[in-house]
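Protein chains in written order, with the working numbering: chain A, 9 to 299; chain B, 5 to 432; chain C, 308 to 542.
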Amino acid sequence: MIDVILNTIVSGILIGGFYAACAIGLSISFGMLRIPNIAHPGFIIAGGFLTYYFNKTFGLDPLLAGLLIIPIFFAFGFLLYRGYNRFFESKRDEREGQMSALVLFFGVLMIIEALLSVTFGVDFRTVTTPWSSIVLHFGSVGICLRMAVPFLCSVLMVCILYLYFSKTYLGLVIQAVAQDSMAATLIGSDPRFAKSIAFGISFSTAAYAGTLFVCLVPVEPSLGMQFLGRVFSIAILGGLGSPLGTAVAGLIVGITESLTTAYIGSSWTLAVSFILLLIIIAVKPTGLFRR
Amino acid sequence: MSMKRFGLMLIILVVVASFSMAGGKAEGQEGSDTEPIRIGASLALTGNLGSAGKSILLAWQICLEDWNAKGGVLGRPVELVYYDDHSNASEVPGLYTKLITVDKVDFIQSPYGTPAITAAMPIAMEHGMVYPGNAALAANKEFNYKYYFSFWPLGPRQVEGIADLFFEAAMSSGEKNLTVAILSEDNEYGARVSEGALESVKKYGLKVVYNDRYPPSPATVDFTPVVRAVQNTGADLFFVGSFPQGTISIIKACKEVGYKPKLFGGAMTGVAYAANLTELGPLLNGVCACCYYVPEPTIQFGNVEDFLETYQSRAAVEGVDPLGYYNPPWAYSSMDTLLKAIEATGSLDQTVVGDYILANGWDSVVGKGAWDPAGSGEIAESRGFLVQWRGIESNDLSEFMVPGKQVIIAPEEYQSGPMLWPSPLFED
Amino acid sequence: MALLEMKKISKSFGFPALQNVDLSIDAGDRIGLIGPNGSGKTTLTNIITGLIACDDGQVIFENRDITKLSAHRRSRLGIARTFQIPQPFYSLIVRQNLYIPLRCRLKSEEAMFTEAGRLLDLVGLSDKADGLPSDLTQIEQRELELARALALSPRLLILDEVLAGLTSQEIDGALEILRVICESGVTVIMIEHIMKAVMGFCNKIVVLNSGMKIAEGMPEDIFRNPEVERAYLGE
Ligand SMILES: Nc1ncnc2c1ncn2[C@@H]1O[C@H](COP(=O)(O)OP(=O)(O)O)[C@@H](O)[C@H]1O
Ligand SMILES: [Mg+2]
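Here is the structure:
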């Protein structure tokens, strides 16, 4: 009995970590930069497919392939922000800019899906590695590396981002610019540069989350669109803009889903985690960790 | 709004629009004097059912090319008008209304899959269109539409059909007091599979210890909790009704949590696709699933091998599922039967053509047969069978193109080898 | 030599918010910028700091034309300001709030730590260095704002109504701090409604009305100027 509970919770923790990796970039772009990048899950899937490509073509370990695509995504995010800033943000009316940005990113999401479909086909793709099928046993708890490795990578990712934002100078600047761009400008910070970096980071996390995604389960191009809701709710639950909050939110959702599946029934999984989200948002509208 | 800004918005809108509005495409012979006969359909060309949709499209295209090469139908070329429904059943009714009332196509073909086919059924009925179905489970159950013709090999006992095969195989082991777990995806397909499984279980007097549905992918990313919940019941038979992503993940999860039911599988879709077969490789050993074509000697359906040869040579080039064991032969037959009926009756009238198909049955690369006399629109006798994989040693596609590895264990008439009991799951 | 020179500055928001304003500020000056609400004081400050661009005119700082320079570069040249409503970075602790400007001129963590300590000491916040800004009182937040501006080691400091809402005792305390700052060589522009403070602190006063500079001079002279009286004091 206790074995089942333990195993269920462990599963929840493992998948929750992965959820956090998916949501953390959105937490940065939407939470810190106020850029409604609903194409984020699309970039996650794109990262997954690129990882798949490098793995299949050059036989690279996916975790390594993921590291290789990070710079590409970073540069893309960096430049995309430049364009975004020029055409959408430097408008006097922020609302209007954001509304048209929503249209933009919706278009981007669909373009990504179309490009992936054309390039890679619409089949489900996944990466299997020598470690994928290994299951480690700790007493009665079984941990499969297919789940555990993405979890560990996600934890690492959250830690790096947390340290980056709270300890490095540029991280502090990004936080400052995110909160009050004007005040930060007047004490010497270049908001456009800081935001470009932050958007690049957001894209990098999408790339690596995609890497973890193809290691976990098969993906196909339209998964991004379908994954949008969950990624957004975790980012909001965590309190937008907080890496640790996103991690905790991911774990909460993961564990809740896992326990619901095991003890209430898998058909209730979505309903229960949604209700949980509503309750937390009702009690604490800014999410768990916003300060 | 400044001019530059306006221009930018316009570009974005155009790009978005061109991707989101289903761009209707017409294919066929061009430059012909005679007006082509136009067949309309929507297909899941993108989205989670894209693999199936694309392979169906290719089968149809091959069929039309065959006909056009012979001089067309009634001396007129045949042309396909199709839209992408993005695997989203809610887009389907609108697209069929458009096909019938705006594009004014002469005939329609159904979209792919139970949810989509059910969604367009009322439209087809309203306009009295002949409605050849492409892969649905008991889609006509609530409608009883006279001109719905299901090109799907399960026969009249649709919902129970797959389950019957599975539980019959289990019963043939001679073991008593077997317990059953039923798990299916929370959609129209899964609902029908579960329903059928419960019926079937009753028939064989088995005991159900677990019965649940999981949220459709990608809502469920991690299947280990649900599989562990099943494992915890200690069920001997694990019957699964899943869509492709679930299929792969559930098999992996079983292996990871170390759950080895005596028989495992059933209505898991997607295992017939090359991408999934090669993904799973040796993990498939011992797993059972309902299939419609495998290269086993007991399978002699019409000239399906010839068709598959053409299909496979084309699919490799076009990046579509390279095996074509699942939908394509039936999709070809669906189109072919329709065109044959038009040619035979010399008519474009829905009633005339519909009555002809009803009376003369189906006849194409998958062989021929009649329709269910009870009027369900299904084929009169089931052509489905249960495969149990064995001896798969690698993730290479060639593993799945030779006999002896995908052994048919039920029904008796197609059986190509003995059932392995209990299933030697995941052993290589 | 003038530290800051503004030549024929004009700005329109559909109506003329500033018209042909000339201003020359010498190093060491303590300028009081006064005028009725809506007269263009904040707009003028925004043009100096680079938050908004002027339609016409030239801004020259230390003999360099900075009219086209972006705001963050101007601040690195030594132009700092405070806001009417304090705007600390709430997610950073008080000390880290200072790190952002400090980094523009200091490279090592140690140097930043020491300098931040000195500045917080100056404004009287040294015991709150590791707390969050949200735990500070309104006045303390203003002190933090001042420290943050000073962290740039500015040549020119613009204070936008820093004294509003303070008791006269608190005003005296604040002016004391400001005097220390001036003595360290910082030139100050003070936008203020509290005349007593302006009179006591500034050596020169500039009066704006409806976007136009209507008077400029020593405090005593300004208050004898009939035009100023009409436009501003006479209300
Ligand atoms: N960004 C802006 N857009 C439009 N009008 C503005 C803007 N900023 C200031 N104004 C207007 O310009 C005039 C001068 O404002 P301001 O410089 O804030 O005056 P003060 O600080 O002297 O009270 C006011 O009428 C104000 O409403
Ligand atoms: Mg003002």
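Beta carbons are placed, not taken as given, at the ideal position from N, Cα and C, and that holds for glycine.
Next item on the list: Using a Cβ cut-off of 9 Å, pull out every chain A residue sitting near residue 259/B, in sequence order please.
Entry: Your numbering for residue 259/B matches position 255 in the second sequence. Within 9 Å Cβ-Cβ: 141, 143, 152.
Notebook entry, point to check: Any chance the CB of residue 62/A is under 7 Å from a heavy atom of ligand 1?
Noted result: Within the first sequence, numbered from 1, the residue matching residue 62/A stands at position 54. False, no ligand heavy atom lies under 7 Å from that Cβ.
Margin query: Measuring straight from C-alpha to C-alpha, what distance separates residue 377/C and residue 469/C?
Written below: Taking the first residue of the third sequence as position 1, residue 377/C is located at position 70. Taking the first residue of the third sequence as position 1, residue 469/C is located at position 162. The C-alpha of residue 377/C lies about 25 Å from the C-alpha of residue 469/C.
Next item on the list: For residue 349/C, verify whether its CB is less than 7 Å away from any heavy atom of ligand 2.
Entry: Numbered from 1 along the third sequence, position 42 holds the residue referred to as residue 349/C. Because some heavy atom of ligand 2 lies under 7 Å away, the Cβ of residue 349/C counts as near it: yes.
Next item on the list: Report the residue from 273/A, 242/A, 95/A whose alpha carbon sits nearest the alpha carbon of residue 262/A.
Entry: Locating residue 262/A in the first sequence gives position 254, counting from the first residue. Checking every option, the nearest Cα to that of residue 262/A belongs to 242/A.
Note to self: Just to make sure I have the definition right: I need the residues of chain A whose C-beta is within less than 8 Å of the C-beta of residue 440/C. Which are they?
What the structure shows: Reading the third sequence from its first residue, position 133 is the one you call residue 440/C. The premise fails here: residue 440/C is roughly 10 Å from chain A at the closest Cβ pair, so nothing lies under 8 Å.
Next item on the list: Please confirm whether any heavy atom of ligand 1 lies closer than 7 Å to the CB of residue 342/C.
Entry: Here residue 342/C corresponds to residue number 35 of the third sequence, with the count starting at 1. Judged by the Cβ position, residue 342/C qualifies as a neighbour of ligand 1 at the 7 Å threshold, a heavy atom of the ligand being closer than this.
Item checked: Whole-angstrom distance between residue 322/B and residue 107/B, CA atom to CA atom -> Working through the second sequence from its first residue, we reach residue 107/B at position 103. Working through the second sequence from its first residue, we reach residue 322/B at position 318. The alpha-carbon atoms of residue 107/B and residue 322/B are separated by roughly 27 Å.
Item checked: Selected residue, minimal CA-CA separation from residue 146/B, among 164/B, 137/B, 91/B, 126/B -> Position 142 of the second sequence, counted from the first residue, corresponds to residue 146/B. Measuring C-alpha to C-alpha distances from residue 146/B to each of 164/B, 137/B, 91/B, 126/B identifies 126/B as the nearest.
Item checked: Contacts around residue 119/B, its chain only, beta-carbon distance under 6 Å, and the 5 residues preceding and following it disregarded -> Looking up residue 119/B in the second sequence gives position 115. The answer, listed in chain order, is 93, 192.
Next item on the list: Give the residues from the segment 191-209 of chain A that approach chain C closer than 8 Å (Cβ to any Cβ), ordered along the chain.
Entry: Hits within the stretch, in order: 191, 192, 193, 194, 195, 196, 197, 198, 199.
Checklist line | Boundaries (first-last residue) of the beta strand (DSSP E) holding residue 144/A | finding: One-based indexing of the first sequence puts residue 144/A at position 136. Start and end: 143-146.
Note to self: Do residue 274/B and residue 247/B have their beta-carbon atoms positioned less than 8 Å apart in this structure?
What the structure shows: As a first step, residue 247/B is located in the second sequence; it is residue number 243 there, counting from the start. As a first step, residue 274/B is located in the second sequence; it is residue number 270 there, counting from the start. Yes, these two residues count as a Cβ contact at 8 Å.
Notebook entry, point to check: Is residue 326/C near ligand 2, going by C-beta to nearest heavy atom under 7 Å?
Noted result: Reading the third sequence from its first residue, position 19 is the one you call residue 326/C. No; taking the cut-off as 7 Å, the Cβ of residue 326/C has no heavy atom of ligand 2 nearer than that.
Note to self: Going by beta-carbon coordinates alone, are residue 170/B and residue 238/B separated by less than 8 Å?
What the structure shows: Taking the first residue of the second sequence as position 1, residue 170/B is located at position 166. Taking the first residue of the second sequence as position 1, residue 238/B is located at position 234. Result no, Cβ atoms of residue 170/B and residue 238/B do not sit closer than 8 Å.
Next item on the list: Show which residues of chain B have a CB atom less than 7 Å away from the CB atom of residue 93/A.
Entry: As a first step, residue 93/A must be located in the first sequence, where it is residue number 85. Per Cβ cutoff of 7 Å: no residues; residue 93/A is ~13 Å from chain B at best.
Note to self: Could you tell me the alpha carbon to alpha carbon distance between residue 120/A and residue 362/C, rounded to whole angstroms?
What the structure shows: Here residue 120/A refers to the residue found at position 112 when the first sequence is read from its first residue. Here residue 362/C refers to the residue found at position 55 when the third sequence is read from its first residue. Distance between the alpha carbons of residue 120/A and residue 362/C: 42 Å.
Next item on the list: May I ask whether a heavy atom of ligand 3 can be found less than 7 Å away from the beta carbon of residue 403/C?
Entry: Ligand 3 is not part of the structure shown, which contains ligand 1 and ligand 2 as its ligands.
Margin query: With a threshold of 8 Å between beta carbons, is residue 129/A in contact with chain B?
Written below: Taking the first residue of the first sequence as 1, we reach residue 129/A at position 121. By this cut-off, residue 129/A is an interface position.
Note to self: To the nearest angstrom, how far is the alpha carbon of residue 392/C from that of residue 483/C?
What the structure shows: For the purposes of this step, residue 392/C is taken as the residue at position 85 of the third sequence. For the purposes of this step, residue 483/C is taken as the residue at position 176 of the third sequence. CA-CA distance, residue 392/C to residue 483/C, rounds to 21 Å.
Margin query: I need the DSSP call for residue 51/A, collapsed to helix, strand or coil.
Written below: As a working note, residue 51/A is residue 43 in the first sequence. When DSSP states are grouped into helix, strand and coil, residue 51/A belongs to the helix group.
Next item on the list: Buried or exposed for residue 332/B, please, with buried defined as at least 16 other CB atoms from any protein chain shown within 10 angstroms of its CB.
Entry: Residue 332/B sits at position 328 when you count from the first residue of the second sequence. Buried.
Checklist line | From 485/C, 403/C, 311/C, residue whose alpha carbon lies closest to that of residue 437/C | finding: Reading the third sequence from its first residue, position 130 is the one you call residue 437/C. Minimum Cα-Cα distance from residue 437/C among the listed residues 485/C, 403/C, 311/C corresponds to 403/C.
Next item on the list: Please find out if some non-hydrogen atom of ligand 1 comes closer than 7 Å to the beta-carbon of residue 390/C.
Entry: The count along the third sequence starts at 1 and reaches residue 390/C at position 83. Flag unset: Cβ of residue 390/C not near ligand 1.
Notebook entry, point to check: Is it right to say residue 160/B is buried, meaning 16 or more other beta carbons lie within 10 angstroms of its own, or is it exposed?
Noted result: Residue 160/B sits at position 156 when you count from the first residue of the second sequence. If you draw a 10 Å sphere on the C-beta of residue 160/B, you find 16 or more other C-beta atoms in it, and that means buried.
Check: Which one of 78/A, 215/A, 86/A, 278/A has the shortest CA to CA distance from residue 208/A?
Finding: In the first sequence, the residue the question calls residue 208/A occupies position 200. That would be 86/A, whose Cα lies nearest to the Cα of residue 208/A.
Notebook entry, point to check: Among residues of its own chain, excluding the 5 on either side of residue 426/B, which ones have a beta-carbon nearer than 7 Å to its beta-carbon?
Noted result: Against the second sequence, residue 426/B aligns to sequence position 422. Excluding sequence neighbours, residue 426/B sits near 266.
Notebook entry, point to check: Which stretch, first to last residue, makes up the beta strand (DSSP E) that contains residue 84/B?
Noted result: By one-based count along the second sequence, residue 84/B stands at place 80. For residue 84/B, the enclosing beta strand (DSSP E) begins and ends at 82-88.
Check: residue 216/A: buried (16+ other C-beta within 10 angstroms of its C-beta) or exposed?
Finding: Within the first sequence, numbered from 1, the residue matching residue 216/A stands at position 208. Here residue 216/A is buried, its C-beta having at least 16 other C-beta atoms within 10 Å.
Notebook entry, point to check: Less than 7 Å between the CB of residue 346/C and some heavy atom of ligand 1, yes or no?
Noted result: Here the question's residue 346/C lines up with position 39 in the third sequence. Correct: residue 346/C has its Cβ closer than 7 Å to ligand 1.
Check: residue 190/B touches chain A at which residues, Cβ-Cβ below 7 Å?
Finding: Mapped onto the second sequence, residue 190/B falls at position 186. Under the 7 Å cutoff, chain A gives 275.
Note to self: Under DSSP, the beta strand (DSSP E) around residue 415/C begins and ends at which residues?
What the structure shows: On the third sequence, position 108 is the one that residue 415/C refers to. Residue 415/C -> no beta strand (DSSP E), and no H or E assigned at all.
Margin query: I'd like to know whether the C-beta of residue 121/A is nearer than 8 Å to at least one C-beta of chain B.
Written below: Here the question's residue 121/A lines up with position 113 in the first sequence. For residue 121/A, the nearest CB of chain B lies under 8 Å from its own CB, placing it at the interface with that chain.
Next item on the list: Indicate, with yes or no, if ligand 1 has a heavy atom lying under 7 Å from the CB of residue 320/C.
Entry: Taking the first residue of the third sequence as 1, we reach residue 320/C at position 13. In terms of side-chain proximity, the C-beta atom of residue 320/C is found nearer than 7 Å to a non-hydrogen atom of ligand 1.
Check: Going by DSSP, which residues form a beta bridge with residue 42/B?
Finding: The residue you call residue 42/B lines up with position 38 of the second sequence. BP columns for residue 42/B point to 83/B.
Check: Going along chain A, which residues have a C-beta under 8 Å from residue 183/B?
Finding: Residue numbering aside, residue 183/B sits at position 179 when the second sequence is read from its first letter. Simply none; closest approach about 18 Å.
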